[in-house]
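Visitor: Would you mind keeping the following structure in view while I ask a few things?
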Amino acid sequence: MSCSVNHNILFRFLDAPPDKWSKRDGVALVMGKPESLLSHGAVFVNMEGEIFVEGHRTTTQLPSLGKGSDATLDVEVVSERKVRVTVGCRDRQATYDLRVKNHDLDDTRVLSTLRFAAFFEEEGWKLLVE
Numbered sequence: 137m138s139c140s141v142n143h144n145i146l147f148r149f150l151d152a153p154p155d156k157w158s159k160r161d162g163v164a165l166v167m168g169k170p171e172s173l174l175s176h177g178a179v180f181v182n183m184e185g186e187i188f189v190e191g192h193r194t195t196t197q198l199p200s201l202g203k204g205s206d207a208t209l210d211v212e213v214v215s216e217r218k219v220r221v222t223v224g225c226r227d228r229q230a231t232y233d234l235r236v237k238n239h240d241l242d243d244t245r246v247l248s249t250l251r252f253a254a255f256f257e258e259e260g261w262k263l264l265v266e
């Protein structure tokens, strides 16, 4: 589903399978159509709170996600070639800059290829996105 810059996205976990998640389960902000949520142009947060930027694990650790928790993603345009993504959960947050290609920004400097995504291997997840 698409989203716009200068907008906060809230992922609220309404229900989750008890203790049944994979390290590949989580939420992400992606540019374009990546092959996976761990590729170029993606910021991915797994259920253990690990953050991956363009496929690389960062040193920042957020609290674990699960039933009753919220994760936020905030995006702002910094320049013609860069967007800033802030990821938060509870009282922790981390900010990363992503490079963008000129053709990804339209005349109003909105990322036309920006999307949010969620991936879960098991059934039973209920997720509210605002």
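First residue of the sequence shown? That's 137 in this note's numbering, and the numbers climb one at a time after it. No residue lacks a Cβ here, since even glycine has one placed at the ideal position from N, Cα and C.
1. Got a sec? Which residues, its chain only, sit under 7 Å from Gln229 by beta carbon, not counting five neighbours each side?
2. Given this structure, state the Cα-to-Cα distance separating Val166 from Asp206, to the nearest angstrom.
3. Please give the ranges of any beta strand (DSSP E) in the region 148–175, keeping only runs that are unbroken, at least 3 residues long and fully inside the region.
4. Using a threshold of 8 Å, state whether the C-beta atoms of Phe255 and Asp161 are closer than that.
5. Does Gly224 come out as helix, strand or coil in the three-state DSSP assignment?
6. Note down the Cα distance separating Ser138 from Pro153, rounded to an integer number of angstroms.
7. Among Thr195, His176, Ile187, which residue has its Cα nearest to the Cα of Leu250?
8. Is it true that the CB of Val211 sits closer than 8 Å to the CB of Val236?
9. For a test of the three-state rule: what should DSSP assign to Val179, helix, strand or coil?
10. Check whether the Cβ atoms of Asn144 and Lys159 sit closer than 8 Å, and answer yes or no.
11. Leaving aside the five residues before and after Leu174 along the sequence, list all residues of the same chain whose C-beta is less than 7 Å from its C-beta, in chain order.
12. Alpha carbons only, please: which of Lys203, Gly202, Asp155, Glu184 is nearest the one belonging to Thr196?
13. Per DSSP, Thr208 is paired with what?
Guide: With the given structure in hand:
1. Taking the sequence shown and counting its residues from 1, one reaches residue 229 at position 93. Excluding sequence neighbours, Gln229 sits near Thr222, Val223.
2. Numbered from its first residue, the sequence shown carries residue 166 at position 30. Numbered from its first residue, the sequence shown carries residue 206 at position 70. Roughly 19 Å between the two C-alpha positions.
3. The region 148–175 contains these whole beta strand (DSSP E) runs: 162–167.
4. Mapped onto the sequence shown, residue 255 falls at position 119. Mapped onto the sequence shown, residue 161 falls at position 25. Yes; because the gap between Cβ atoms is below 8 Å, this pair is in contact.
5. Mapped onto the sequence shown, residue 224 falls at position 88. Strand at Gly224.
6. By one-based count along the sequence shown, residue 138 stands at place 2. By one-based count along the sequence shown, residue 153 stands at place 17. Because the pLDDT at Ser138 is just 46, under 50, the model does not fix this residue reliably, and the value given afterwards should be weighed accordingly. In a straight line, the C-alpha of Ser138 is about 27 Å away from that of Pro153.
7. Reading the sequence shown from its first residue, position 114 is the one you call residue 250. The shortest C-alpha separation from Leu250 is found at His176.
8. As a working mapping, residue 236 is identified with position 100 in the sequence shown. As a working mapping, residue 211 is identified with position 75 in the sequence shown. Contact: no.
9. In the sequence shown, residue 179 corresponds to position 43, counting from 1. If DSSP states are grouped into helix, strand and coil, Val179 belongs with the strands.
10. Indexing the sequence shown from 1 puts residue 144 at position 8. Indexing the sequence shown from 1 puts residue 159 at position 23. Against a cut-off of 8 Å, the Cβ pair of Lys159 and Asn144 comes out as no contact.
11. Translated into the one-based positions of the sequence shown, residue 174 becomes position 38. Cβ within range, chain order: Phe180, Phe188, Gly191.
12. Your numbering for residue 196 matches position 60 in the sequence shown. Here the closest residue by C-alpha is Glu184.
13. Reading the sequence shown from its first residue, position 72 is the one you call residue 208. As computed with DSSP, Thr208 is found in a beta bridge with Leu146, Gly224.
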